[in-house]
Amino acid sequence: MGGDNIATVHWHQDRNTRTIAHQTLLALLPGLAVCAWLLGPGLLRNLLLTAVTAAVGDSLVRLLRRLPVSGTKQDPGIAMTALLLALLLPTSSAWWMPVLASAFAIALAGPALGGLGRALLNPAMCGLLLVLLLAPEPVRGNGLPSGLWINAGFLAGGLYLLRERVVPWQIPASLLVGLTGGLALYGTDIETGSELLLTVSSSGQIMLLAFFIAPARGSSAMTPLGRLVYGALLGGLT
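Numbering-wise (the working numbering), the sequence shown opens with residue 1021 and increments by one.
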């Protein structure tokens, strides 16, 4: 995935891509712990399938490009993509969905779109979209209490990323505002709007999107105003 190329981040120039990827993995741990506790074996199965597929896929890509296979173990982007896919895919997914999503994200989308830290689109989201196009599933919440706890876990990690200046505050803030506005527009009455809000909240993925997916460095805007507009549009379309 191009993890051997060190790049800088436009909003924090003194850290390289590997450091930021490691900080992002650390920030994902609170949300992962809550998900593992509440969602159980389904999440762990997804994680095992995406992780093994990601490692094998990246190794094959390295062999084809005549790069050291040992670089797979040193590339935090591989683990991050596998983890994001495991968290995004429904725990009831057929076994082939995590495998296909991970293989596509690691072996095709990642290298084609620029590699770790520079991809024009988040490779994990590319893998997710592929399997959802092949086998669309309705959005299901995990129940409001579970969804709120999961969001709280990812919010804790997101606040850590903000403190370390790994992500710019404008994107998650404007995304949440845009999401609220989008719900207001889709809900033609108070009852419909409340149902939409409960569905989105119970999914548990709002904070995951706001702090870990939307601020992807290759696709997000570079200026403060651009980040505000980008986040608001993404939130309104979610």
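Glycine included, every Cβ here is placed at the ideal spot set by N, Cα and C.
- Within its own chain, the residues whose Cβ lies closer than 7 Å to the Cβ of Ala-1053, once the five positions on either side in sequence are excluded, are Gly-1173, listed in chain order.
- Annotated as proximal: Leu-1109 and Asn-1066, with beta-carbon spacing under 8 Å.
- Inclusion of Leu-1150 and Gly-1198 in the CB contact set at 8 Å is not warranted, their separation being larger than that value.
- Here Asn-1142 carries a coil assignment [DSSP, helix/strand/coil].
- Taking a C-beta distance under 8 Å as the contact criterion, Gly-1077 and Ala-1144 do not qualify as a contact pair.
- Per DSSP, the unbroken alpha helix (DSSP H) holding Arg-1247 starts and ends at 1244 to 1257.
- By the CB criterion at 8 Å, Ala-1106 and Pro-1118 fall inside the cutoff.
- Proximity to Gly-1256 across Gly-1246, Gly-1224, Met-1242, Leu-1195 peaks at Leu-1195, based on C-alpha coordinates.
- With 16 or more other CB atoms across the displayed protein chains lying within 10 angstroms of its CB, Thr-1101 is buried.
- Between the C-alpha atoms of Phe-1232 and Trp-1116 there is a straight-line separation of about 25 Å.
- Within the same chain, Ala-1139, Leu-1141, Pro-1143, Cys-1146, Gly-1147 come within 8 Å of Ala-1129 by CB-CB distance, once the 5 residues on both sides are set aside.
- If the five residues before and after Val-1089 are omitted, its C-beta is found closer than 6 Å to the C-beta atoms of Ser-1079, Arg-1082, all from its own chain and listed in chain order.
- Bridge partners of Asn-1066 according to DSSP: none are assigned.
- About 7 Å separates the beta carbons of Leu-1058 and Ile-1170, which is inside the 8 Å limit, making them a contact pair.
- Where Leu-1046 is concerned, the enclosing alpha helix (DSSP H) starts and stops at 1037 to 1059.
- DSSP places Ile-1098 in the uninterrupted alpha helix (DSSP H) bounded by 1096 to 1108.
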